[in-house]
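S.K.:
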Amino acid sequence: MAAAAAAGSSPGSRPGDSPEGPEGEAPERRRKAHGMLKLYYGLSEGEAAGRPAGPDPLDPTDLNGAHFDPEVYLDKLRRECPLAQLMDSETDMVRRIRALDATYTIRKMKNDFRKMEDEMDRLATNMAVITDFSARISATLQDRHERITKLAGVHALLRKLQFLFELPSRLTKCVELGAYGQAVRYQGRAQAVLQQYQHLPSFRAIQDDCQVITARLAQQLRQRFREGGSGAPEQAECVELLLALGEPAEELCEEFLAHARGRLEEELRSLEAELGPSPPAPDVLEFTDHGGSGFVGGLCQVAAAYQELFAAQGPAGAERLAAFARELGSRYFALVERRLAQEQGGGDNSLLVRALDRFHRRLRAPGALLAAAGLAEAATEIVERVARERLGHHLQGLRAAFLGCLTDVRQALAAPRVAGKEGPGLAELLANVASSILSHIKASLAAVHLFTAKEVSFSNKPYFRGEFCSQGVREGLIVGFIRSMCQTAQSFCDSPGEKGGATPPALLLLLSRLCLDYETATISYILTLTDEQFLVQDQFPVTPVSTLCAEARETARRLLTHYVKVQGLVISQMLRKSVETRDWLSTLEPRNVRAVMKRVVEDTTAIDVQVGLLYEEGVRKAQSSDSSKRTFSVYSSSRQQGRYAPSYTPSAPMDTNLLSNIQKLFSERIDVFSPVEFNKVSVLTGIIKISLKTLLECVRLRTFGRFGLQQVQVDCHFLQLYLWRFVADEELVHLLLDEVVASAALRCPDPVPMEPSVVEVICERG
Amino acid sequence: MEDDAPVIYGLEFQIHIIDFDDENNIINKNVLLHQAGEIWHISASPADRGVLATCYNRTSDSKVLTCAAVWRMPKELESGSHESPDDSSSTAQTLELLCHLDNTAHSNMACVVWEPMGDGKKIISLADNHILLWDLQESSSQAVLASSASLGGKGQLKFTSGRWSPHHNCTQVATANDTTLRGWDTRTMSQIYCIENAHGQLVRDLDFNPNKQYYLASCGDDCKVKFWDTRNVTEPVKTLEEHSHWVWNVRYNHSHDQLVLTGSSDSRVILSNMVSISSEPFGHLVDDDDISDQEDHRSEEKSKEPLQDNVIATYEEHEDSVYAVDWSSADPWLFASLSYDGRLVINRVPRALKYHILL
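Line by line, the protein sequences are chains S and H. Residue 218 is where the first sequence starts when you use the working numbering, and the numbers rise one by one after that. Residue 3 is where the second sequence starts when you use the working numbering, and the numbers rise one by one after that.
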């Protein structure tokens with residue numbers, strides 16, 4: 218039809234358009250096309266157009282006629298038409314034939330359909346017949362069919378019965394073969410039926426048999442379960458089967474856990490064996506790895522299997538598991554702690570921290586499974602405890618290092634001196650001690666810093682973020698160490714120092730300087746370092762730097778004061794012996810300064826050098842130039858004589874006292890053991906004060922002959938010559954030496970002083 | 003002697019008896035000549051107020067020897083209420099020698115101590131390394147050496163000081179030599195205890211707590227005052243470090259033993275309140291016959307904390323070393339101190355403290 222339309226007319230022109238359409242162009246063709254459509258729709262052209270005088274239908278040359286004879290038509294064409302027309306007619310013919318082809322196909326199809334309809338109708342009829350027949354056959358077969366169905370049912374029943382009857386033997390076979398799963402499935406299938414029909418004796422018998430076998434099966438399963446050679450998955454399977462056999466779940470729980478306990482205890486035993494007393498125990502990392510994979514892994518498996526198997530047990534079951542985990546966990550922790558305790562001695566934290574990290578990390582899994590057991594918390598607690606212990610250990614280490622430094626210093630001080638190498642040792646020793654302690658502190662800080670490293674699993678616990686940093690590291694370790702350092706240093710002032718020689722004075726001096734350095738710089742440096750490394754961010758109060766500095770300063774002051782006392786005592790003892798052991802009444806006229814005085818000056822000079830190594834010079838009062846000589850000459854001639862001259866006459870003893878009292882009114886009271894400042898002059902002043910005061914008191918306890926007095930005069934002049942340069946205020950030396958000579962004069966029944974010039978000559982000579 | 007507090011102190015060849023009239027604040031001085039020599043130690047008999055013992059230096063031909071003797075004051079000075087002449091020194095009287103403690107066998111007498119609370123018949127003297135017990139017979143006119151003991155050991159051991167304990171029926175004496183304290187039983191003259199290195203340096207003086215057995219105070223050149231329980235000789239009960247030079251004297255108050263007086267060559271006298279180790283650590287205990295409302299008051303007080311030990315006062319009147327301090331035997335709130343320059347200072351316990359102790 219499409220082909221016809223394409224061949225016929227333009228798509229826009231419809232049959233109804235023709236009256237208005239252009240008439241003259243090709244009316245013939247148009248008519249033909251219409252004609253063909255009409256032909257197609259079964260209308261004769263003549264009828265449709267209603268036109269009279271159509272060609273004769275019997276014309277053999279009429280192409281559209283029923284009696285068309287191609288031969289005649291061709292002959293007629295050949296005869297009648299010239300070549301051009303012939304050609305036209307051929308073209309026209311070809312075109313027409315083409316159009317005709319389509320028209321013809323359509324018409325043929327229409328015919329075919331019509332035929333098919335007929336055949337379908339016939340089929341329907343046939344089918345109806347067949348249905349009818351079939352229904353009839355069905356009806357005939359109905360009865361038989363029912364019987365067959367019944368038979369099939371009986372067959373199935375029989376098979377079931379057969380299964381039941383065979384069940385005992387099957388079960389036995391299964392049990393023998395070890396196909397426990399199969400057996401349990403059989404049992405499960407038969408159970409209900411047997412239960413239902415147990416009133417029938419035969420079923421009863423089967424049931425009894427089955428029960429016996431099942432019992433045996435259960436027995437075997439339990440046996441297998443108990444033997445436990447197989448791993449946890451098989452165990453779990455056994456439990457599953459036993460549960461399916463209707464064994465009491467609670468008992469199974471117990472048994473399951475008991476069994477698991479056996480295995481875990483074995484793990485624990487092997488861990489304990491690793492702990493053993495023998496030294497080649499594996500390192501702590503290995504140990505925690507073993508523990509982690511062996512025990513903790515096992516515990517995880519058990520917990521998972523338990524929760525899977527006994528989920529139906531509800532909270533009671535979970536509680537049982539938690540108790541189980543708690544108990545074993547605590548034993549595991551005990552072992553771990555024992556192992557960790559062995560690590561306490563070690564200096565290396567990195568291994569320990571890694572081990573703790575593993576330990577902690579590992580326990581987080583069962584922690585999730587067994588939140589009730591609180592294993593993760595307990596693990597965290599252990600880690601915290603270990604961290605605390607490590608802090609304590611480091612504090613001990615620092616203390617020990619400090620004591621070690623002190624021992625080194627003592628040894629260095631006690632070592633026999635090589636000539637000429639005496640001097641510079643002290644400053645070097647101080648530097649060594651300071652740097653050694655500082656490096657120890659830094660090492661300890663670095664070591665404990667590992668606990669707070671980001672990658673460590675427990676470093677984000679609140680303890681490690683807060684308390685560990687502030688209370689543990691800053692307060693406990695650093696402040697604690699500085700305090701203990703001060704205490705250790707102070708302890709040198711207290712106990713054995715009384716007897717003098719126990720602590721070398723140089724050590725006191727060195728410690729004093731060390732503490733002073735700490736006060737000025739080191740403490741704030743160390744604390745800043747600590748605060749930077751451990752971002753202290755909690756609310757705990759911390760010791761302020763100033764407090765610590767004050768403590769250090771106080772320690773330094775006490776040490777230096779003690780140093781002054783000790784050195785003063787050494788010189789005092791010399792002076793005292795020299796006064797006490799001499800017979801001053803029968804002594805000869807002085808020719809020399811006594812050796813002990815020279816010794817005193819030598820020792821004082823040595824102390825001056827020693828203190829000068831560590832302490833700054835300090836401030837003196839302004840002095841007159843060449844004060845030693847002039848002052849003494851004044852002292853020995855005018856002032857001194859003026860003071861004790863009247864006492865020659867025993868009649869006026871009160872005058873002396875009056876004079877000396879008046880003089881004292883104008884001089885400041887000398888505080889013998891006065892506080893020492895941190896400089897050399899102050900230290901030396903203190904020592905000299907103590908020494909001269911001792912000399913004074915000792916002189917007052919003796920009785921002097923004339924020459925005894927003169928010897929004291931000489932000695933004092935000598936001291937005056939050499940000691941003034943060491944003290945802050947030389948007037949002090951004058952005063953004390955004045956006192957000594959005046960006291961000696963008072964203690965002399967025959968006080969005739971030596972000529973000052975002679976005194977000077979003797980002193981200059983010796 | 004009720005109101006007056008005679009104080010005796012020695013100065014070259016003289017003994018001054020000072021009467022202090024507490025009510026009128028008047029001081030009277032009587033001078034007794036001590037012609038035997040320079041006095042180094044003096045102690046009065048507990049039984050006879052007119053009798054005293056001295057240790058004195060006798061200088062003879064470039065030799066100094068310390069002797070000891072017992073003396074009697076002139077009768078009229080004993081009374082204490084005697085009106086002294088205007089110029090005491092011009093009418094100096096002489097002591098009557100009762101007896102010498104014969105020291106020919108032994109050398110220098112460091113000190114003489116009377117038996118406390120005795121009948122004034124027993125006296126102990128310390129001579130170098132000997133401890134000598136004397137019996138005074140025939141009204142003290144004769145001293146018989148009853149027994150003696152001596153320190154053995156290396157070096158020149160010398161007793162520096164000694165005290166007779168008022169406890170244990172007066173059978174114990176404590177002595178100091180160098181840094182060591184020793185206790186002696188006077189019946190057997192044997193050593194009962196020994197505190198080695200009681201002080202870092204020389205022990206200058208010691209005193210027994212009059213109210214508390216076994217308690218003993220000592221002082222020395224290490225500037226410390228230490229309190230001992232003689233049953234534990236390893237360490238002191240308490241240590242004071244208030245002085246800045248040698249401590250020459252330590253004295254318990256005779257009645258209120260928490261009051262301890264110390265004198266030092268730093269020219270200071272320090273009065274300390276050692277309540278915690280006194281016989282009344284919780285304050286004055288009430289007698290049974292006190293009335294009930296007072297009892298209530300007391301119980302309140304007793305519930306308080308034990309009082310703190312502290313320094314009550316530091317007396318700085320002296321310009322030179324203080325060599326002697328002592329409490330008045332008549333008035334427990336009065337004490338005197340004597341320094342090198344001859345200054346005698348009499349002080350009272352602060353009133354506030356007195357009332358605190360009494361009430």
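Note that beta-carbon positions come from the ideal geometry of N, C-alpha and C, so glycine has one too.
1. Could you check whether the Cβ of H/Tyr342 sits closer than 9 Å to any Cβ belonging to chain S?
2. CB-CB under 8 Å to S/Ala660, same chain, minus the five flanking residues each way: which ones, in chain order?
3. Please compile the residues from chain H whose C-beta is within a distance smaller than 8 Å of the C-beta of S/Arg917.
4. Can you pull the DSSP bridge partners for S/Val429?
5. Give me the subset of the region 918–934 of chain S whose CB atoms are less than 7 Å from a CB atom of chain H, sorted by chain position.
6. With a 10 Å radius around its C-beta and 16 neighbouring C-beta atoms as the bar for buried, classify H/Val262 as buried or exposed.
7. Quick one, are the C-beta atoms of H/Asp322 and H/Ile279 less than 9 Å apart?
8. From which residue to which residue does the alpha helix (DSSP H) around S/Phe895 run?
9. With H/Asp23 as the anchor, note down where its beta strand (DSSP E) starts and where it stops.
10. Confirm, please, whether the CB-CB distance from H/Asp21 to H/Asn30 is below 9 Å.
11. If the cut is a Cβ gap below 7 Å, which residues of chain B does H/Val252 touch?
12. Do S/Val650 and S/Val690 have their C-beta atoms within less than 9 Å of each other?
13. What ranges does the alpha helix (DSSP H) occupy inside the region 29–65 of chain H, keeping only unbroken runs of at least 4 residues that lie completely in it?
14. Could you check if S/Glu544 is buried or exposed, using at least 16 other CB atoms within 10 Å of its CB as the buried criterion?
15. Specify the secondary structure class of S/Arg964 as computed by DSSP and reduced to three states.
16. Do we get a CB-CB distance below 9 Å when we pair S/Leu620 with the residues of chain H?
17. Could you give the first and the last residue of the continuous alpha helix (DSSP H) run that contains H/Arg350?
18. Our contact map puts S/Val916 next to S/Val957 with C-beta atoms below 8 Å; I'd like the distance itself, whole angstroms only.
19. With 16 as the cutoff for other CB atoms within 10 Å, does S/Arg480 come out buried or exposed?
20. Taking 9 Å as the threshold (beta carbon to beta carbon), is H/Ser267 in contact with chain S?
21. Can you check DSSP and say which residues form a bridge with S/Gly292?
22. Can you tell me which of S/Val893, S/Lys815 and S/Leu662 puts its alpha carbon nearest to the alpha carbon of S/Glu771?
23. When you compare only the Cα positions, how much space is there between H/Ser301 and H/Val227?
24. Name the two residues that bound the continuous beta strand (DSSP E) containing S/Gly591.
25. Hey, quick one: how far does the beta strand (DSSP E) through H/Met75 stretch, first residue to last?
26. In chain order, what residues of the same chain lie with their CB nearer than 6 Å to the CB of H/Val72, ignoring the 5 residues before and after it?
27. Please determine, among S/Glu672, S/Phe757, S/Leu752 and S/Glu768, the residue with the shortest C-alpha to C-alpha distance to S/Ala706.
28. Could you tell me whether any Cβ in chain S is nearer than 9 Å to the Cβ of H/Trp230?
29. Is H/Glu98 helix, strand or coil when you go by DSSP?
30. What does DSSP give as the partner residue(s) for H/Trp335 in the beta ladder?
31. Taking its Cβ as the centre, do 16 or more other Cβ atoms sit within 10 Å of S/Leu592, making it buried, or is it exposed?
32. At a Cβ cut of 8 Å, what residues of the region 233–258 of chain H count as close to chain S, listed as they run along the chain?
33. In the DSSP assignment, what residue or residues form a beta bridge with H/Gly185?
34. Relative to the C-alpha of S/Leu485, which candidate in S/Phe924, S/Ser708, S/Ala551 and S/Pro465 has its C-alpha closest?
35. Counting along the chain, where does the beta strand (DSSP E) carrying H/Arg206 start and finish?
36. Shorter than 9 Å from the beta carbon of S/Glu806 to some beta carbon of chain H?
M.R.: Put simply:
1. yes
2. none
3. Ser323 and Tyr342
4. S/Val429 is not bridged to any residue.
5. Thr920 and Gly922
6. buried
7. no
8. Careful: S/Phe895 lies outside any alpha helix (DSSP H) and carries neither H nor E.
9. Gln16 to Asp23
10. yes
11. Of the chains in the structure shown, none is chain B; the protein chains are S and H.
12. no
13. none
14. exposed
15. coil
16. no
17. H/Arg350 -> not in any alpha helix (DSSP H); beta strand (DSSP E) instead, spanning Leu346 to Arg350.
18. 5 Å
19. buried
20. yes
21. The amino acid at residue 292 of chain S is misidentified as Gly; the sequence shows Asp. Answer by DSSP bridge pairing: none, since S/Asp292 is not bridged.
22. S/Val893
23. Confidence is the limiting factor: at H/Ser301 the pLDDT is only 46, short of 50, which leaves the residue's position unreliable, though a coordinate-based value still follows. Each residue's alpha carbon lies about 33 Å from the other.
24. It is not in any beta strand (DSSP E) - S/Gly591 carries neither H nor E in the DSSP assignment.
25. Neither: H/Met75 is in no beta strand (DSSP E) and is coded neither H nor E.
26. Ala55, Leu100, Cys101 and Ser142
27. S/Glu768
28. no
29. strand
30. H/Trp335 pairs with nothing; no bridge assigned.
31. buried
32. Ser246, His247 and Trp248
33. H/Ala176 and H/Tyr195
34. S/Ala551
35. Val205 to Phe210
36. no
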